[in-house]
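Respectively, the protein sequence lines represent chains V and S.
Note that our numbering gives residue 79 to position 11 of the first sequence, counting from 1, and the numbers run on in steps of one.
Note that our numbering gives residue 22 to position 14 of the second sequence, counting from 1, and the numbers run on in steps of one.
Virtual Cβ for every residue (Gly too), placed ideally from N, Cα, C.
A quick note: this is a predicted structure, and the numbers were derived from the prediction, not measured.
Structure first, then comments.
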Amino acid sequence: GIQVEQSPPDLILQEGANSTLRCNFSDSVNNLQWFHQNPWGQLINLFYIPSGTKQNGRLSATTVATERYSLLYISSSQTTDSGVYFCAGPPDSNYQLIWGAGTKLIIKP
Amino acid sequence: EPEVTQTPSHQVTQMGQEVILRCVPISNHLYFYWYRQILGQKVEFLVSFYNNEISEKSEIFDDQFSVERPDGSNFTLKIRSTKLEDSAMYFCASTQRLVSHEQYFGPGTRLTVT
């Protein structure tokens, strides 16, 4: 089945730093999404981004579907950005989300 | 903004007991899902549901699991005889799909089987 790889697995940054998280798919996916899992375990929708670029405040995401990857950019990091970031997308053949293992981000004050 | 809700937020049960996890999807959504996340691991798909029947299910979703939409708003996941390895966070999600395929997630139910 389709494989989703996220990198880096862990990232520790100082407050104010910028970061780029990457998501690679082994096969084509549609309807890619990015999520933030907060310390309480809740999954927060960040972006629904099948292709192109979207921005929401300090966060932006780019998906290049033809090359099977997506990037999440976080600028001017804050301690509240800490948590695990997941990307997920359904394969062309069905609609269940296939998840990456996540990037654990720690922002130090 | 409409949101998916789940109850309870935390459920502790003994091995062998039945549990029912409840979800209220967003009201105009048509497709519903259950996912689970064992502590420290990735999120895994369990089952999807549309038009009062299962449309897809994973290998995890064996005969111990069942789903139901008992009325126009609730969507439930039942585990008939819980095992220790069923301890996980269970997430419900829904999507409208006709306009957008974005899946919206509830806050999760943390199930602890002792």
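- Not a single C-beta of chain S is nearer than 8 Å to the C-beta of V:A85.
- For V:F93, there are no C-beta contacts with chain S under 7 Å, since the nearest C-beta of that chain is about 14 Å from it.
- V:W102 is outside the set of residues whose beta carbon lies under 8 Å from a beta carbon in chain S.
- For the 8 Å CB-CB criterion, S:S74 and S:E64 do not form a contact.
- Interface criterion met: the Cβ of V:G168 is under 8 Å from a Cβ in chain S.
- Separation of the CB atoms of S:E110 and V:Q101 is rounded to 6 Å, and the pair is thereby assigned contact status at 8 Å.
- Residues of chain S with a Cβ closer than 9 Å to the Cβ of V:Y153 do not exist, since the nearest Cβ in that chain sits about 12 Å away.
- Cβ neighbours of V:S75 within its own chain (closer than 6 Å, five residues either side excluded): R90.
- Relative to the Cα of S:Y112, the nearest Cα in the group V:Q71, V:N113, V:S96 belongs to V:N113.
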